[in-house]
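Please read the structure below before turning to the comments.
Numbering (UniProt numbering), first residue to last: 1 to 174.
Right under this line is the structure:
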């Protein structure tokens, strides 16, 4: 059974991508989304782009090997180029302050960098190819609210190693 992120607040469950918007609307003292409606829509677009394009393309490169993995990496890098472009002139996706898009894409800062490389032996997001995303990953990971709450890297590597091996075994048995 798949794990789905759930926030339970006042006895009511909020799931998946709705969690960030719920937090933003409930605790207004530290807004995640910008005030401006166009900027809010843009932030939602980039978060959705991460969910719908970036994550699936990186997942394909993670759960395949050989030629299929190479093709998936090309697609993943094409998607990462859009994120790289969006970061031009900015510290975070929304500007100088950590926000909605950064949190929605935060998995890139840990999973992609060390976990992906340790599990697959490949580096997808290089500093040479993606200097702005590479700098963003470090800045994001160094933010106290993030740094103090990272999951254990060793546990993530073990978990994703098992997931990858399972996918490759199932694929090989077909």
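Think of the CB as a built atom: it goes at the ideal place given N, C-alpha and C, for glycine as much as any other residue.
Q | Supposed close pair residue 143, residue 98 - CB separation, criterion 8 angstroms | A | Correct: roughly 5 angstroms between the Cβ atoms.
Q: Locate the alpha helix (DSSP H) running through residue 133, then write down its first and last residues.
A: It spans 131 to 142 - the alpha helix (DSSP H) in which residue 133 sits, taken as one unbroken run.
Q: Only counting runs of 4 or more residues, tell me where the alpha helix (DSSP H) segments fall wholly within the stretch 93 to 118, in order along the chain.
A: Whole alpha helix (DSSP H) segments, 4+ residues: 100 to 104.
Q) For residue 47, does the count of other Cβ atoms within 10 angstroms reach 16, so buried, or fall short, so exposed? A) Buried, since its Cβ has 16 or more Cβ neighbours within 10 Å.
Q: Check the C-beta distance from residue 140 over to residue 80 and give it rounded, since I have them as a contact under 8 angstroms.
A: Their Cβ separation, rounded to whole angstroms, is 15 angstroms, which puts residue 140 and residue 80 out of contact at 8 angstroms.
Q: Following the continuous alpha helix (DSSP H) through residue 7, name the residue where it begins and the one where it ends.
A: Not the alpha helix (DSSP H): residue 7 falls in the beta strand (DSSP E), residues 6 to 9.
Q. Below 8 angstroms between beta carbons: does that hold for residue 100 and residue 94?
A. Yes, the pair counts as a contact, with Cβ atoms nearer than the cut-off.
(Q) DSSP three-state label for residue 34, please. (A) Here residue 34 sits in coil by DSSP.
Q: With residue 13 as the anchor, note down where its beta strand (DSSP E) starts and where it stops.
A: Segment 12 to 15, the beta strand (DSSP E) holding residue 13.
Q) Out of curiosity, what's the CA-to-CA distance linking residue 156 and residue 111? A) Between residue 156 and residue 111, the C-alpha separation is close to 8 angstroms.
Q: Look up residue 1 in the DSSP assignment and say whether it is helix, strand or coil.
A: Legend: pLDDT at residue 1 = 41, less than 50; position of this residue unreliable, value from coordinates given subsequently. Three-state DSSP puts residue 1 in coil, outside helix and strand.
Q. Beta-carbon separation of residue 88 and residue 133 under 8 angstroms?
A. In this structure, the beta-carbon distance from residue 88 to residue 133 does not fall below 8 angstroms.
Q: State the DSSP-derived secondary structure class of residue 121, mapped to helix, strand or coil.
A: Three-state result, residue 121: coil.
**Q.** Whole-angstrom distance between residue 28 and residue 35, CA atom to CA atom
**A.** So the two alpha carbons sit approximately 11 angstroms from each other.
Q. In terms of residues, what are the limits of the alpha helix (DSSP H) holding residue 56?
A. Per DSSP, the unbroken alpha helix (DSSP H) holding residue 56 starts and ends at 55 to 62.
Q: Determine the contact status of residue 61 and residue 124, defining contact as a CB-CB distance below 8 angstroms.
A: Annotated as proximal: residue 61 and residue 124, with beta-carbon spacing under 8 angstroms.
Q: Using 10 angstroms around the beta-carbon of residue 138, count the other beta-carbons present and answer buried if the total reaches 16, otherwise exposed.
A: So residue 138 ends up on the exposed side.
Q) How is residue 168 classed by DSSP in three states: helix, strand or coil? A) DSSP places residue 168 within a helical segment (H, G or I) once states are collapsed to three.
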